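Read in full-length UniProt numbering, the sequence shown has 7 at position 7, and its numbers run on one by one without any break. Structure first, then comments.
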Amino acid sequence: MSYKATRPLVAPPDANSIRTTVVPAAEFPNWLASQRATINWQRHKSQSYKSKALIEGQANQPPNPDTRLKGQHRKVMFEQYICNWAGSPRPVAESMRKRIRKSSIKCGCKAAITVSYYRDNPTIYHVVITPHNNHDPYSSEYLLRSRLSAPIQLWLSEVASKGLDWSTLKLMQLSEEEMRTIGDLGSSPTVPEILRVRYRDVYNKVRQNMPSQSPRASAARENVNA
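Structure follows, in structure tokens:
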């Protein structure tokens, strides 16, 4: 199995401005997947509220949740996805500091994808994208420290469940020093996402996918430790 997705190293021209777009409901899953392929957007919350707009239509429509009566307020469905660098690091007790090898990636980033649509007409999604702050999601630092994106997490689960040969996969990896300088090379605007997979990522997926006592799990652990 191969994974060919790449991550951009150059920010788009409008990366620092608030962007709005309209996405057909049928195309939204693919649109969101394309966004999550490069930035690790995490679902934050989902809710609904009444808008000031009134429903238009025939006065004798049946009163059910999907086709509201004429004159009633339109119900807006609301979803939000946030950057995985959002929030603040949790306070760490002094006794725990020596166990923590890496600092938290949380930096208070306010970036978000906000999606809204009318419940009585859920065919068009209105999307607002708020820009990142306090970090550069297209830098080598983000490439090195950020969590793996959702698509490669899914791919990694699939290959781990089939018994991943780590000795083969690790030949494609870069060292941390190479990862830090890759954004300065200037020869390519993208980098293969698979280069970000680390031994710990593979080990965790094997532990998640395999029962601890099964023969197949033992074989998988032998592969990942090879």
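Even glycine gets a Cβ: it sits at the ideal position worked out from N, Cα and C. Given the structure is predicted, the values throughout are model-derived calculations rather than measurements.
Q: List the residues that DSSP assigns as beta-bridge partners of PRO24.
A: In the DSSP output, where bridge partners are listed per residue, PRO24 has ILE124.
Q. Out of LYS205, PRO24, ALA26 and GLY108, which has the shortest C-alpha to C-alpha gap to HIS135?
A. Distance from the Cα of HIS135 is smallest, within the candidate group LYS205, PRO24, ALA26 and GLY108, for GLY108.
Q) Is the CB-CB distance between ALA25 and THR114 below 8 Å? A) Going by C-beta atoms, ALA25 is not nearer than 8 Å to THR114.
Q) Where does TRP85 sit, in a helix, a strand or coil, going by DSSP? A) DSSP places TRP85 in coil when its eight states are reduced to three.
Q. Per DSSP, which one or two residues make a beta bridge with ILE105?
A. For ILE105, no pairing in a beta bridge is given by DSSP.
Q. Under three-state DSSP, which class holds SER48?
A. Residue state, collapsed to three classes: strand.
Q) With 16 other CB atoms within 10 Å as the buried threshold, where does ARG196 fall? A) Around the CB of ARG196, 16 or more other CB atoms lie within 10 Å, so the residue is classed as buried.
Q. Who are the Cβ neighbours of THR20 in its own chain at under 6 Å, not counting the five residues just before and after it?
A. Here the set comprises VAL128.
Q: Just confirm the distance between the C-beta atoms of PRO131 and ASN40, as a whole number of angstroms; I'd bet it's less than 8 Å.
A: Actually they are not in contact, since the Cβ atoms of PRO131 and ASN40 sit about 16 Å apart, beyond 8 Å.
**Q.** Residue range of the unbroken alpha helix (DSSP H) whose run includes SER157
**A.** From DSSP, the alpha helix (DSSP H) with SER157 extends over 150-161.
(Q) By alpha-carbon positions, which one of ASN30, GLU158 and SER48 ends up nearest to SER116? (A) Ranking the options by Cα distance to SER116, first place goes to SER48.
Q.
Let's test the definition: count the other Cβ atoms within 10 Å of the Cβ of ARG68 and tell me whether it reaches 16, buried, or not, exposed.
A. At ARG68, the pLDDT of 48 sits below 50, so the modelled position is not reliable; the number obtained from the coordinates is stated separately. That one is buried.
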